[in-house]
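See structure below.
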Amino acid sequence: MFFTSDFRIGLSMLGKNINISNKGFLSILQDVAEMHSASIGFGVTDIDKTNYSWALLNWKVRIISRPKYGETITIKTWSRYSTKLYSYRDFEILNSAGETIAIATSKWVLIDVKIGRIAKIEDELIAKYLPEDKSVFNIVELDKLTEPKNYISTKDFVIRKSDIDVNNHVNNLFYLDMALEAFPSDSNEFNSCSEFEIYYKHQIRLDDKVSLHYSNDNGENCVSIKSNNGEVLHSIIKFH
106 MFFTSDFRIG
116 LSMLGKNINI
126 SNKGFLSILQ
136 DVAEMHSASI
146 GFGVTDIDKT
156 NYSWALLNWK
166 VRIISRPKYG
176 ETITIKTWSR
186 YSTKLYSYRD
196 FEILNSAGET
206 IAIATSKWVL
216 IDVKIGRIAK
226 IEDELIAKYL
236 PEDKSVFNIV
246 ELDKLTEPKN
256 YISTKDFVIR
266 KSDIDVNNHV
276 NNLFYLDMAL
286 EAFPSDSNEF
296 NSCSEFEIYY
306 KHQIRLDDKV
316 SLHYSNDNGE
326 NCVSIKSNNG
336 EVLHSIIKFH
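106 is the number of the first residue of the sequence shown in the numbering used here; add one for each residue after it.
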């Protein structure tokens, strides 16, 4: 089943110019995914009844053109490939003329909120989403992101209260904020990167102290977010 919703581009979704930012795109996709789940009784407000919540593992996003402030866009999303351990969701973003301006795929796990662990995804749950075969990147699964061998710079970062979401960990969107902090101060590349991938490995919680490791290899920018002692890899974010 294809789930569709319209969104108007607001001020909070913009970057330095009047075009939507990467974070603005992700905020809309996250909202539409939640709306789709809520439509079948499996949204955030249903957690007290279901005892389950979806958690992101990966994003892959390609932006073709960026809508400006005040424009209305249409987001189409659907469930596609699933296993007992994870499930994929794809997105198409269209402008008012019906042209595709961005595509995305995402990988999710199901969390049993009572015990705080990954749960098996039952066929009955996936069936409620009426999965589609369509893949926007013409792939079944995403390639695994790996850390660069060398980094150009490292910066410490302390998690703030404002970074924490309803699940008591850093919201998925704020990983892009941390990646921005890792970019060189004289770099304008961050806001112009039109294809990026995010791999979420270990949750980050309030008062965690992390380090942001930046590399640029053949024009590919990468930020790895790790614990200060380097023992825990929290996330890898690559910009193409």
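All residues carry an ideal CB built from backbone N, CA and C; glycine is no exception.
For residue i, which of the options has the nearest alpha-carbon?
i, options, result
"SER123", "SER170, THR109 and ASN156", "It should be noted that the sequence gives Ile, not Ser, for residue 123. When only C-alpha atoms are compared, the closest one is SER170."
"ASN321", "SER110, VAL315, PHE344 and PHE130", "PHE344"
"HIS307", "ARG222, THR188 and ASN156", "ARG222"
"GLU229", "ASN334, CYS327 and PHE147", "PHE147"
"ILE125", "HIS318, ILE178 and LEU215", "ILE178"
"PHE288", "SER258, ILE269 and ILE264", "SER258"
"LEU235", "ASP261, PHE130, ARG194 and ALA209", "ARG194"
"THR109", "LYS314, THR155, THR150 and GLY203", "GLY203"
"GLU237", "PHE196, ILE269 and GLU286", "PHE196"
"ASP270", "LEU338, ALA160, LEU215 and ASN127", "ALA160"
"TRP164", "ASP282, LEU317, SER117 and GLN135", "GLN135"
"MET118", "GLU139, GLU176 and ASP151", "GLU176"
"GLU252", "HIS318, LYS233, LYS173 and ALA207", "HIS318"
"GLU302", "ASN333, ILE342 and VAL337", "ILE342"
"GLY129", "ILE330, ASP282, VAL328 and ILE309", "ASP282"
"SER192", "GLU300, SER299, ILE226 and ILE152", "ILE226"
"ILE152", "LEU215, ILE180, TYR256 and SER240", "LEU215"
"LYS173", "LEU162, GLY115, VAL149 and ASP248", "GLY115"
"LYS249", "TYR305, ALA224, SER267 and THR205", "TYR305"
Among all the DSSP beta bridges, which residues are the ones paired with residue i?
i, result
"VAL166", "ALA209 and PHE301"
"PHE262", "VAL315"
"ASN124", "LYS173"
"ARG222", "ASP217"
"THR251", "Answer is none; THR251 lacks a bridge partner."
"ILE244", "None; ILE244 has no bridge partner."
"LEU161", "TRP213"
"ILE180", "SER110 and ILE198"
"ASP322", "GLU325"
"SER187", "SER192"
Need the endpoints of the alpha helix (DSSP H) that residue i sits in, please.
i, result
"ILE198", "Counting along the chain, ILE198 falls outside any alpha helix (DSSP H), though it belongs to the beta strand (DSSP E) covering 192-199."
"ASP111", "That residue, ASP111, is in no alpha helix (DSSP H); its beta strand (DSSP E) goes 108-113."
"ILE152", "152-155"
"LEU116", "First-last for LEU116: undefined, no H or E at that position."
With respect to the beta strand (DSSP E) encompassing residue i, which residues constitute its N-terminal and C-terminal limits?
i, result
"ILE231", "No beta strand (DSSP E) contains ILE231, which is instead part of the alpha helix (DSSP H) from 228-233."
"LEU281", "Premise fails: LEU281 lies in the alpha helix (DSSP H), 279-287, not in any beta strand (DSSP E)."
"ASN273", "Per DSSP, ASN273 belongs to no beta strand (DSSP E) and is neither H nor E."
"ILE330", "325-332"
"LYS239", "Segment: none, LYS239 is in no beta strand (DSSP E) and carries neither H nor E."
"SER340", "338-344"
How long is the line joining the alpha carbons of residue i and residue j, rounded to whole angstroms?
i, j, result
"THR188", "MET106", "18 Å"
"PHE112", "GLY324", "33 Å"
"SER132", "LYS254", "31 Å"
"LEU285", "THR210", "22 Å"
"SER184", "GLY335", "35 Å"
"SER387", "TRP213", "Here the chain has residues from 106 to 345 only, and residue 387 is not among them."
"ILE168", "HIS141", "22 Å"
"ASP312", "ILE198", "36 Å"
"SER144", "ASN273", "24 Å"
"SER316", "ASN333", "5 Å"
"VAL337", "ARG265", "19 Å"
"ASP261", "CYS327", "16 Å"
"LYS219", "SER201", "43 Å"
"ALA207", "TYR186", "20 Å"
"PRO340", "SER299", "The sequence shown places Ser at residue 340, not Pro. The straight-line gap from Cα to Cα measures roughly 19 Å."
"LYS239", "ASN156", "30 Å"
Could you check whether the Cβ of residue i sits closer than 9 Å to any Cβ belonging to chain C?
i, result
"ILE180", "Looking at the structure shown, chain C is missing, and only one protein chain is on hand."
For the structure I just gave you, are there three or more beta carbon pairs, one from the region 268-282 and one from the region 233-245, closer than 8 Å?
no
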